[in-house]
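Residue numbers (full-length UniProt numbering): 1 to 197.
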């Protein structure tokens, strides 16, 4: 059961721990431990990325929502999937290793320093059906600027290789409350929506 007396200071400490570079096993253990308080913590953080990403995909996806195959990568407690249900898409757990399987592939909150490596981007492309959508998000705070620049460079490289085309990129000024001493107020973030060729 989640601890109802959590404070923003508690959340700040957890988020700063999450951004540290650790091995995969340590990272999984960290998130397993955090899962109990995760949804309460991201509410205190005013973390809007899951809803914003779901709205972005929903506004462009024209396929049969009831039959759409959706892969929610690094889905945590399923916040994006919960929002996607509002827009008529059903997210199912399935074999995520098959190429060209999904109509929509979405990764929210995991593309940042200390989290998922950028090598995952080509894998997201691999599992998306031709004509399918890949939705990615990242933070724009001070600590994540280098990662964000490298992410955007890789996204552009895939576009130049004609692997996908840009549907929209949405820059969001108030992504979530700042936790680093280098930032204040809210930090920005970005949503990248691409369609596989």
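Heads up, the beta-carbon is just placed ideally off N, CA and C, and yes, glycines get one too.
| request: Tell me whether residue 176 is buried or exposed, calling it buried when 16 or more other Cβ atoms sit within 10 Å of its Cβ. | output: Residue 176 comes out buried.
| field | Endpoints, alpha helix (DSSP H) assigned at residue 157 | value | 145–160
| Residues bridged to residue 47 [DSSP beta-bridge criterion] | Bridge partners of residue 47: none, in fact.
| query | Should the region 112–122 be called in touch with the region 151–164, which here means at least 3 C-beta pairs below 8 Å? | reply | yes
| query | In or out: residue 130 buried (at least 16 other Cβ within 10 Å) or exposed? | reply | It is exposed - the Cβ of residue 130 has fewer than 16 other Cβ atoms within 10 Å.
| Roughly how many whole angstroms lie between the Cα atoms of residue 188 and residue 137? | 11 Å
| request: Tell me where the beta strand (DSSP E) around residue 70 begins and ends. | output: 70–73
| query | Which one or two residues does DSSP pair with residue 195 in a beta bridge? | reply | 133, 165
| task | Put residue 189 into one of helix, strand or coil per three-state DSSP. | result | strand
| task | Please name the residue, chosen from 192, 171, 179, 173, that lies closest to residue 158 on a Cα-to-Cα basis. | result | 192
| message | Quick check on this structure: which residue in 44, 70, 103, 57 has the alpha carbon closest to the alpha carbon of residue 197? | response | The residue with the shortest Cα to Cα distance from residue 197 is 103.
| task | Please confirm if the region 16–24 is in contact with the region 40–57, defined as three or more CB-CB distances below 8 Å between the two stretches. | result | no
| query | Considering only the beta carbon of each residue, do residue 34 and residue 14 sit closer than 9 Å? | reply | yes
| said: Taking 7 Å as the limit between beta carbons, can you name the residues of its chain near residue 164, skipping five residues before and five after? | reply: 125, 134, 158, 194, 195, 196, 197
| query | How many angstroms separate the CA atom of residue 147 from the CA atom of residue 140? | reply | 9 Å
| query | Is residue 65 helix, strand or coil when you go by DSSP? | reply | Residue 65: coil per DSSP, three-state reduction.
| field | First and last residue of the uninterrupted beta strand (DSSP E) at residue 103 | value | 102–107
| said: Quick check: the Cα distance between residue 42 and residue 29, rounded to an integer number of angstroms? | reply: 18 Å
| said: Measuring only the C-alpha atoms, how far is residue 65 from residue 127? | reply: So the alpha carbons of these two residues sit roughly 18 Å apart.
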